[in-house]
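Numbering (our numbering), first residue to last: -13 to 478.
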């Protein structure tokens, strides 16, 4: 039997581009009829791109994609006809919220067949029974748990009895028990119905036990194709790292660097860029103003109180405003403003982009040939670069005003001495200019870290939560480190 007749799916020397970038290159693979094939790889490796090519959403630049022994049709009508033979379990389930469970499962049957109502009802009951949810036929999608919703989506994908099933991250967002149920269900249905299944996933240890063949994708191509046993016994460093979840600091730094370059490249003005930039300045700048103002005032009060007590011991109380000005402009104001900004706006950036990843908004932009980095990240980056220096200036103004009130009206310092000492000690370029430079760097750093972590977050609610925490911690540490480096360069 030839490869073409024994293989339900075949790719030959396929290259796929998105937004001008090559995502997959020189990909060749075969999926044997009746098998369960796992397509594994880390996030961003191109698994979803491969899935889009199999369903006809993306067309290869070069090479051939063959389903059921025929090339994927180019014409829309023929493509839609072919899709009736392919069941797809989407990562987000895709259940219509205004239809009940039974109505969701019946939708493909009502649309593509002319079966009488009693037969259609019986088929729906059979599909729901096959996934163990016959009792939930009249429930609404909002009433289902994550695992139940995934099983309903599976029943709907099986409604037309497709010979080929594609599962897009079937375990995302599920707890371990629900994950085990789904994987057992996939294996049982594949064998009992004679299906051919492709599982696109990054959940290695849950997927391998039910697979006949494994395809590992990384670095824009296939790095392994064989049995699960061969994968687990492989000594290839890249495969070992993926199997055992070992971090790769060099790769992470490289990805972060490329991401930063992509942000800068995507910052070229477009028709909507200024409007989006203005909106982000309000969201992350104006909304951060209350905490910056309050923080600046209290820092000024504390510095004045502690500085006055210390300087009075040495008979140098008149130098209070000098101490205040140099401390604020050179160190405290840029750093504290950046840290407050990270807590307020950095976490928001990470959460927003993580939510966009979890709800497939980023994927939708890519499918519309819109660069998601230019659309969603670049305006946030430049808004942070512009607003953090302004917020630092406001922080300093409130701190000095609060200090003046306490020093002159509470502690009894001379008004003229306070202002003259401050003007004489703070240089516009050496102190104020350095504060603005630091603030711009800190703002850009905070936005890049938050955007990078959120953009590459696990596409779940839990993943978004983890990304938000990582963004705050990593950005704060980088700001403190950069502050030391900049201070050593500028003040020595």
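Every residue gets a Cβ at the ideal spot worked out from N, C-alpha and C, and that includes glycine.
Note that the structure is a prediction, hence the values are computed from the model and not measured.
(message) Going by DSSP, what residue range makes up the beta strand (DSSP E) through residue 202?
(response) Residue 202 sits at position 216 when you count from the first residue of the chain shown. Its beta strand (DSSP E) spans residues 199 to 204.
(request) Note the first and the last residue of the continuous alpha helix (DSSP H) segment covering residue 166. (result) Indexing the chain shown from 1 puts residue 166 at position 180. Residues 162 to 179.
(request) Reducing DSSP to helix, strand and coil, say where residue 17 ends up. (result) Counting from one through the chain shown, the residue named residue 17 turns up at place 31. Correct three-state label for residue 17: strand.
(message) Just checking residue -6 against the ligand FMN - is the residue's beta carbon closer than 7 Å to any of the ligand's heavy atoms?
(response) The model on display carries no ligand, and the ligand FMN is accordingly not part of it.
(request) Kindly confirm or deny that the stretch 161 to 170 and the stretch 131 to 148 touch, where touching means at least three C-beta pairs closer than 8 Å. (result) yes
(message) Ignoring anything shorter than 3 residues, give me the beta strand (DSSP E) runs that lie fully in the stretch 349 to 413, in order along the chain.
(response) none
(request) Using only alpha-carbon positions, find the residue among 182, 76, 58, 386 that is nearest to residue 289. (result) The count along the chain shown starts at 1 and reaches residue 289 at position 303. For residue 289, the nearest C-alpha among the options comes from 386.
(message) Measuring only the C-alpha atoms, how far is residue -12 from residue 18?
(response) Stepping through the chain shown from its first residue, residue -12 is reached at position 2. Stepping through the chain shown from its first residue, residue 18 is reached at position 32. At residue -12, the pLDDT of 44 sits below 50, so the modelled position is not reliable; the number obtained from the coordinates is stated separately. Taking the straight line joining both Cα atoms gives about 11 Å.
(request) Give the DSSP bridge partners of residue 421, in chain order. (result) One-based indexing of the chain shown puts residue 421 at position 435. Paired residue(s): none; residue 421 is not in a bridge.
(message) Which residue wins for smallest C-alpha separation from residue 473, given the options 104, 358, 318?
(response) Position 487 of the chain shown, counted from the start, is the residue given in the question as residue 473. Among 104, 358, 318, the Cα nearest to that of residue 473 is on 318.
(message) Here's the rule I'm using: 16 or more other beta-carbon atoms within 10 Å means buried, otherwise exposed. How should residue 271 be labelled?
(response) Counted from its first residue, the chain shown places residue 271 at position 285. By the neighbour-count rule (16 or more Cβ atoms within 10 Å), residue 271 is buried.
(request) Would you tell me roughly how many angstroms separate the C-alpha atoms of residue 89 and residue 145, rounded to the nearest one? (result) The residue you call residue 89 lines up with position 103 of the chain shown. The residue you call residue 145 lines up with position 159 of the chain shown. Computed Cα separation, rounded: 12 Å.
(message) Comparing C-alpha positions only, which one of 340, 59, 204, 296 sits nearest to residue 44?
(response) Along the chain shown, read from residue 1 onward, the residue named residue 44 stands at position 58. It is 59.
(message) If distances are taken between C-alpha atoms only, which option among 68, 315, 93 comes closest to residue 80?
(response) Here residue 80 refers to the residue found at position 94 when the chain shown is read from its first residue. Cα-wise, what sits closest to residue 80 is 93.
(message) Taking the beta strand (DSSP E) that residue 330 belongs to, which residues open and close that run?
(response) Stepping through the chain shown from its first residue, residue 330 is reached at position 344. Here residue 330 belongs to no beta strand (DSSP E), and DSSP marks it neither H nor E.
(request) Would you kindly work out how many angstroms separate the C-alpha atoms of residue 116 and residue 329, rounded to a whole number? (result) Along the chain shown, read from residue 1 onward, the residue named residue 116 stands at position 130. Along the chain shown, read from residue 1 onward, the residue named residue 329 stands at position 343. Rounded to whole angstroms, residue 116 to residue 329 spans 48 Å at the Cα level.
(request) Tell me where the beta strand (DSSP E) around residue 465 begins and ends. (result) Looking up residue 465 in the chain shown gives position 479. Segment 447 to 476 is the alpha helix (DSSP H) holding residue 465; no beta strand (DSSP E) there.
(request) Give a yes or no on whether the C-beta atoms belonging to residue 172 and residue 208 are separated by under 8 Å. (result) For the purposes of this step, residue 172 is taken as the residue at position 186 of the chain shown. For the purposes of this step, residue 208 is taken as the residue at position 222 of the chain shown. No. Outside cutoff.
(message) Tell me the rounded alpha-carbon separation between residue 449 and residue 345.
(response) For the purposes of this step, residue 449 is identified with residue 463 of the chain shown, where counting begins at 1. For the purposes of this step, residue 345 is identified with residue 359 of the chain shown, where counting begins at 1. Residue 449 and residue 345: Cα-Cα distance of roughly 12 Å.
(request) Let me know the secondary structure DSSP gives residue 427 once reduced to three states. (result) In the chain shown, counting from the first residue as 1, residue 427 sits at position 441. In this structure, residue 427 counts as helix in the three-state DSSP scheme.
(request) Name the two residues that bound the continuous alpha helix (DSSP H) containing residue 111. (result) Here the question's residue 111 lines up with position 125 in the chain shown. Per DSSP, residue 111 belongs to the alpha helix (DSSP H) from 103 to 116.
(message) For residue 400 and residue 332, I'd like the C-alpha separation in whole angstroms.
(response) Indexing the chain shown from 1 puts residue 400 at position 414. Indexing the chain shown from 1 puts residue 332 at position 346. Rounded to the nearest angstrom, the two C-alpha atoms are 41 Å apart.
(request) Provide the residue(s) that pair with residue 4 in DSSP beta bridges, ordered along the chain. (result) Here residue 4 refers to the residue found at position 18 of the chain shown. Bridge partners of residue 4: 7.
(message) Between the stretch 432 to 439 and the stretch 146 to 166, can you find at least three pairs of beta-carbon atoms closer than 8 Å?
(response) no
(request) Would you mind stating whether residue 42 and residue 33 have Cβ atoms separated by less than 8 Å? (result) In the chain shown, counting from the first residue as 1, residue 42 sits at position 56. In the chain shown, counting from the first residue as 1, residue 33 sits at position 47. The answer is no: Cβ separation not under 8 Å.
(request) Could you say if the stretch 387 to 396 and the stretch 267 to 285 meet the contact criterion of at least three C-beta pairs nearer than 8 Å? (result) yes
(request) Measuring alpha carbon to alpha carbon, tell me which of 224, 211, 229 ends up nearest residue 218. (result) As a working note, residue 218 is residue 232 in the chain shown. Looking at the Cα atoms, 229 is the closest of the given residues.
(request) Would you mind giving the Cβ-Cβ distance between residue 31 and residue 184, rounded to the nearest angstrom? I have them listed as a contact below 8 Å. (result) Residue numbering aside, residue 31 sits at position 45 when the chain shown is read from its first letter. Residue numbering aside, residue 184 sits at position 198 when the chain shown is read from its first letter. Between residue 184 and residue 31 the Cβ distance is about 15 Å, and since that is not below 8 Å, they are no contact.
(request) Please state whether DSSP places residue 159 in a helix, a strand or coil. (result) In the chain shown, the residue the question calls residue 159 occupies position 173. Residue 159: coil per DSSP, three-state reduction.
(request) Give a yes or no on whether the C-beta atoms belonging to residue 340 and residue 374 are separated by under 8 Å. (result) Counting from one through the chain shown, the residue named residue 340 turns up at place 354. Counting from one through the chain shown, the residue named residue 374 turns up at place 388. No, they are not a contact pair.
(request) Consult DSSP for residue -4 and reduce its assignment to one of helix, strand or coil. (result) Here residue -4 refers to the residue found at position 10 of the chain shown. It is a strand residue.
(message) Quick check: the Cα distance between residue 236 and residue 223, rounded to an integer number of angstroms?
(response) The residue given as residue 236 occupies position 250 in the chain shown. The residue given as residue 223 occupies position 237 in the chain shown. Low confidence applies to residue 236: its pLDDT is 45, below 50, so where it sits in the model is not reliable, and the reading given next is rough at best. Going by the C-alpha atoms only, they are around 14 Å apart.
(request) Would you kindly report the start and end of the unbroken alpha helix (DSSP H) that includes residue 277? (result) Walking along the chain shown from the start, residue 277 turns up at place 291. Note, residue 277: alpha helix (DSSP H), 275 to 299.
(request) In angstroms with no decimal places, state the Cα-to-Cα distance between residue 6 and residue 206. (result) Position 20 of the chain shown, counting from 1, holds the residue named residue 6. Position 220 of the chain shown, counting from 1, holds the residue named residue 206. For residue 6 and residue 206, the distance between alpha carbons rounds to 14 Å.
(message) Given this structure, state the Cα-to-Cα distance separating residue 65 from residue 72, to the nearest angstrom.
(response) Indexing the chain shown from 1 puts residue 65 at position 79. Indexing the chain shown from 1 puts residue 72 at position 86. Straight-line Cα distance between these residues: approximately 11 Å.
(message) Rounded to the nearest angstrom, what separates residue 9 and residue 343 at their Cα positions?
(response) Translated into positions along the chain shown, residue 9 becomes position 23. Translated into positions along the chain shown, residue 343 becomes position 357. If I take the Cα positions, the gap works out to 18 Å.
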